[in-house]
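Enquirer:
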């Protein structure tokens, strides 16, 4: 009989009856030992001074004799537990053998179970022993570090310093004390609850505190050597790009088929652009392309609808963007999952509160709003640091009034896709809706002469296509459609599941959602298609007619004239492969939102004004003898400044003069000197946050300057103001670039 205590005797007696309580008993010993180990050490590790975080570990206590006494007790306990386990096992085997002999046979099937149980017991004991050894190593290491710190006089230096250059340091330390366990990424960077670890993290990983004087600054200050610059070389073989795009999604299959179909046109465009650029050196950029709307986390709603005629515009544009970047010769990495994004960015483990583990290895990042949100969620403070490298593919564009978070909130412009506080030029659109954003575009397939003649011969003179996939788009258009139906057969592509919506007239021949090839065939037969602002402003007659469809007589006369007119197929240069390559090349070479010079403070005067009044006294021009602004793109000498009429947006005011509004020129005009040179009678001048500034207020003869650079905007108008508008020229067929921009 083993005499431990009365409870022990009861347990032993139960072991003689059945094996299951014995397993519970052994498990109980293991859990008891672990709990004893943790609570014993916890009592030693929890000592702290008033005001410390409950997670703060005092190293001078950790290595003390009391902790080592606990370890010795644990060692004795483990040895005693092992002996008792061995005795109990022998007792169990002896009991089984005795019962088997008295029954006339041996319970050989029970012996292996007993042996296996003993092995488990020994494994548990070994695991607990290993834990004790590791804890002892930690204690020895902590004691060594503490002794070294004390010897070097650093003990009192782990307190938040009072440095006016780092005003947020003490507040961040307080936050770390209370919340450092809220995200595992802090422990990943070495935060362990001590004051020193807080300050090290806040000074070396983040940048809210000054570097600690006793830390080795060599490692923290040594920036990684930049990779040697490699010259970009045009590519004509796109097979490797198709591999980079991956597979497994219908959307990717669609994009790859499109890219493969246009390979010959991309190759020819690359050859032409290379000849145009001559020997201009182009540095190869490392580019990450993250297509957020294709990730599972965003729902990937497009892939299941690709083959059913669903929205394809985004995938067409992304396929062409990938092709253009690759053909231009840049290094490309493509991700369509959150896991891939995190891996390529160097996101630390956790919930996304910490900065990236390494400097961002990409010069540029192209993404969409889904990807933008994912990057913000997982990059921590690095998102703010590197967001100047991001380019957002934004189908419809984002005007400055919606981009500026505070302004949008105060004035009712807040939306689900705005308030990112980016430079508005970082948003890249499908069409040139507003010059506040950068026009990215896409490619329309070019036709050879034979194909053009076939289309021209197959054109139906009395067929029109009205583009509107949702029934709501047709609402209120009955009168206009009835006039059109008198002369032409109307076709539509409206989606509905069962009954025809009442908004769609019965005389419309509806095809439902069509796959892209079938929709293109329908368009090639039609004489008339839907109006678009781009076509109205930059193509015009005879291909584009602008009429007021609410004016029945004017609209009917235009339809009759169109039926008598014969036109050849026309494709704007900017929607060809070469046009898109040219545009993206210029953006990559010249757009820099990380080092671009900021605007002069409102009201500041340059030593020598760069403006002169044009000979006809209608607008300002950049003086020939004035030096060009360093780093400005487009070049400042292309600036022309006009004072718009009241209620006229700068976009329209510039178009009235055959020019394009250029928002990057606003800082040059944001001064009293510009109004004075235009002979505007300013009785007073004020600065404020308004997307219509700079402007001249009427009545009141008051001039207003812009206080917030992110609100400079070509869009927007009010009858209260005459806006001061910066305009520029543009290349024929390439409205995104000025004549000297390439």
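In the working numbering, the protein residues as written are -10 to 731.
Here a beta-carbon is modelled for each residue, glycine too, at the ideal position from N, C-alpha and C.
Quick test of your reading: residue 380 and residue 361, contact by CB under 8 Å. State the CB separation rounded to the nearest angstrom.
Expert: In the chain shown, counting from the first residue as 1, residue 380 sits at position 391. In the chain shown, counting from the first residue as 1, residue 361 sits at position 372. About 10 Å; that fails the 8 Å criterion.
Enquirer: Tell me the DSSP secondary structure of residue 248 in three-state form.
Expert: Residue mapping note: residue 248 aligns to position 259 of the chain shown, counting from 1. DSSP places residue 248 in helix when its eight states are reduced to three.
Enquirer: Does the distance from the CB of residue 571 to the CB of residue 321 come in under 8 Å?
Expert: Translated into positions along the chain shown, residue 571 becomes position 582. Translated into positions along the chain shown, residue 321 becomes position 332. No, Cβ-Cβ distance for residue 571 and residue 321 is not below 8 Å.
Enquirer: Do residue 240 and residue 292 have their CB atoms nearer than 8 Å?
Expert: What you label residue 240 is simply residue 251 of the chain shown in a count that begins at 1. What you label residue 292 is simply residue 303 of the chain shown in a count that begins at 1. Result yes, Cβ atoms of residue 240 and residue 292 sit closer than 8 Å.
Enquirer: Starting from residue 713, trace the alpha helix (DSSP H) both ways and give me its first and last residue.
Expert: On the chain shown, residue 713 is found 724 positions in, with the first residue counted as 1. No alpha helix (DSSP H) contains residue 713, which is instead part of the beta strand (DSSP E) from 710 to 717.
Enquirer: Cβ atoms of residue 636 and residue 707: under 8 Å apart, would you say?
Expert: Locating residue 707 in the chain shown gives position 718, where the first residue counts as 1. Locating residue 636 in the chain shown gives position 647, where the first residue counts as 1. Cβ distance < 8 Å, so residue 707 and residue 636 count as in contact.
Enquirer: Report yes if the C-beta distance between residue 671 and residue 661 is below 8 Å; otherwise report no.
Expert: Within the chain shown, residue 671 is the residue found at index 682, counting from 1. Within the chain shown, residue 661 is the residue found at index 672, counting from 1. Going by C-beta atoms, residue 671 is nearer than 8 Å to residue 661.
Enquirer: From the DSSP output, which residues share a beta bridge with residue 737?
Expert: Any answer about residue 737 is impossible in this case: the structure gives the chain only from -10 up to 731.
Enquirer: Put residue 685 into one of helix, strand or coil per three-state DSSP.
Expert: As a position in the chain shown, residue 685 is number 696, starting the count at 1. Strand.
Enquirer: Compute the beta-carbon to beta-carbon distance between residue 475 and residue 492, rounded to the nearest angstrom, for a pair I have assumed lies under 8 Å.
Expert: For the purposes of this step, residue 475 is taken as the residue at position 486 of the chain shown. For the purposes of this step, residue 492 is taken as the residue at position 503 of the chain shown. Not quite, the Cβ-Cβ distance comes to about 20 Å (not below 8 Å), so this is no contact.
Enquirer: Spatial neighbours of residue 543 within its chain, please: CB distance less than 7 Å, with the 5 preceding and 5 following residues excluded, ordered by chain position.
Expert: As a position in the chain shown, residue 543 is number 554, starting the count at 1. Excluding positions up to five away in sequence, the list reads 536 and 537.
Enquirer: If you count every other CB in all the chains shown that lies within 10 Å of the CB of residue 182, and 16 or more means buried, which is it?
Expert: As a first step, residue 182 must be located in the chain shown, where it is residue number 193. Looking at its Cβ environment, which holds 16 or more other Cβ atoms inside 10 Å, residue 182 is buried.
Enquirer: Roughly how many angstroms lie between the CA atoms of residue 717 and residue 644, to the nearest whole one?
Expert: In the chain shown, counting from the first residue as 1, residue 717 sits at position 728. In the chain shown, counting from the first residue as 1, residue 644 sits at position 655. For residue 717 and residue 644, the distance between alpha carbons rounds to 10 Å.
Enquirer: Please say whether residue 404 and residue 391 have beta carbons closer to each other than 8 Å?
Expert: For the purposes of this step, residue 391 is taken as the residue at position 402 of the chain shown. For the purposes of this step, residue 404 is taken as the residue at position 415 of the chain shown. Taking 8 Å as the Cβ cut-off, residue 391 and residue 404 qualify as a contacting pair.
Enquirer: DSSP puts residue 610 in a beta bridge; with which residues?
Expert: Stepping through the chain shown from its first residue, residue 610 is reached at position 621. In the DSSP output, where bridge partners are listed per residue, residue 610 has 601 and 629.
Enquirer: Which first and last residues belong to the beta strand (DSSP E) in which residue 322 is found?
Expert: For this step, residue 322 is matched to residue 333 along the chain shown. Residue 322 -> beta strand (DSSP E) spans 320 to 324.
Enquirer: Give me the residue from 345, 413, 685 and 184 with the minimum Cα distance to residue 701.
Expert: Numbered from 1 along the chain shown, position 712 holds the residue referred to as residue 701. Considering only alpha carbons, the answer is 413.
Enquirer: Relative to the alpha-carbon of residue 523, which residue among 504, 489, 430 and 435 has its alpha-carbon at the smallest distance?
Expert: Walking along the chain shown from the start, residue 523 turns up at place 534. Taking only the C-alpha atoms, the option nearest residue 523 is 430.
Enquirer: Out of 614, 557, 458 and 316, point me to the one whose CA is closest to residue 500's CA.
Expert: Along the chain shown, read from residue 1 onward, the residue named residue 500 stands at position 511. Taking only the C-alpha atoms, the option nearest residue 500 is 458.
Enquirer: For residue 743, which residues does DSSP report across the bridge?
Expert: It is not possible to answer for residue 743, since the shown part of the chain is limited to -10 through 731.
Enquirer: Tell me, please, whether the region 422 to 441 touches the region 304 to 323 by the rule of three or more beta-carbon pairs shorter than 8 Å.
Expert: yes
Enquirer: By the 10 Å Cβ neighbour count, where 16 or more other Cβ atoms means buried, how is residue 272 classified, buried or exposed?
Expert: If you number the chain shown from 1, residue 272 lands on position 283. The residue in question, residue 272, is exposed, as its Cβ has fewer than 16 Cβ neighbours within 10 Å.
Enquirer: As a quick exercise: from 712, 469 and 453, pick the residue whose alpha carbon is nearest that of residue 478.
Expert: The residue you call residue 478 lines up with position 489 of the chain shown. Residue 453 is the option with its Cα nearest to residue 478.
Enquirer: Comparing C-alpha positions only, which one of 648, 533, 629 and 664 sits nearest to residue 654?
Expert: On the chain shown, position 665 is the one that residue 654 refers to. Ranking 648, 533, 629 and 664 by Cα distance to residue 654 puts 629 first.
Enquirer: Give a yes or no on whether the C-beta atoms belonging to residue 339 and residue 346 are separated by under 8 Å.
Expert: On the chain shown, position 350 is the one that residue 339 refers to. On the chain shown, position 357 is the one that residue 346 refers to. In this structure, residue 346 does not lie closer than 8 Å to residue 339 by Cβ.
Enquirer: Taking buried to mean at least 16 other C-beta atoms within 10 Å of its own C-beta, is residue 222 buried or exposed?
Expert: Start at 1 with the first residue of the chain shown, and residue 222 comes out as number 233. Exposed.
Enquirer: Using DSSP with H/G/I as helix, E/B as strand and the rest coil, what is residue 707?
Expert: Locating residue 707 in the chain shown gives position 718, where the first residue counts as 1. Here residue 707 sits in coil by DSSP.
Enquirer: Quick check on residue 499: does DSSP put it in helix, strand or coil?
Expert: In the chain shown, residue 499 corresponds to position 510, counting from 1. In the structure shown, residue 499 sits in a strand (DSSP, three-state: E or B).
Enquirer: For residue 614, count the other beta carbons within 10 Å of its own beta carbon; 16 or more makes it buried, fewer makes it exposed. Which is it?
Expert: For this step, residue 614 is matched to residue 625 along the chain shown. Around the beta carbon of residue 614, fewer than 16 other beta carbons lie within 10 angstroms, which makes this residue exposed.
Enquirer: With distances taken between CB atoms, is the gap from residue 178 to residue 194 smaller than 8 Å?
Expert: Start at 1 with the first residue of the chain shown, and residue 178 comes out as number 189. Start at 1 with the first residue of the chain shown, and residue 194 comes out as number 205. Contact: yes.
Enquirer: Need the endpoints of the alpha helix (DSSP H) that residue 643 sits in, please.
Expert: Reading the chain shown from its first residue, position 654 is the one you call residue 643. Here the alpha helix (DSSP H) through residue 643 covers 639 to 645.
Enquirer: Can you check whether the C-beta of residue 455 is within less than 8 Å of a C-beta belonging to chain B?
Expert: The structure shown contains no chain B, having only a single protein chain.
Enquirer: So, do the region 666 to 680 and the region 596 to 610 have three or more beta carbon pairs nearer to each other than 8 Å?
Expert: yes
Enquirer: With a Cβ-Cβ cutoff of 8 Å, do residue 724 and residue 563 count as a contact?
Expert: Numbered from its first residue, the chain shown carries residue 724 at position 735. Numbered from its first residue, the chain shown carries residue 563 at position 574. Yes. Within cutoff.
Enquirer: What first and last residue would you give for the alpha helix (DSSP H) that runs through residue 398?
Expert: Taking the first residue of the chain shown as position 1, residue 398 is located at position 409. It spans 394 to 400 - the alpha helix (DSSP H) in which residue 398 sits, taken as one unbroken run.
Enquirer: In whole angstroms, what separates the C-alpha of residue 711 from that of residue 631?
Expert: The sequence position of residue 711 within the chain shown is 722, counting from 1. The sequence position of residue 631 within the chain shown is 642, counting from 1. Approximately 10 Å, taken between the alpha carbons.
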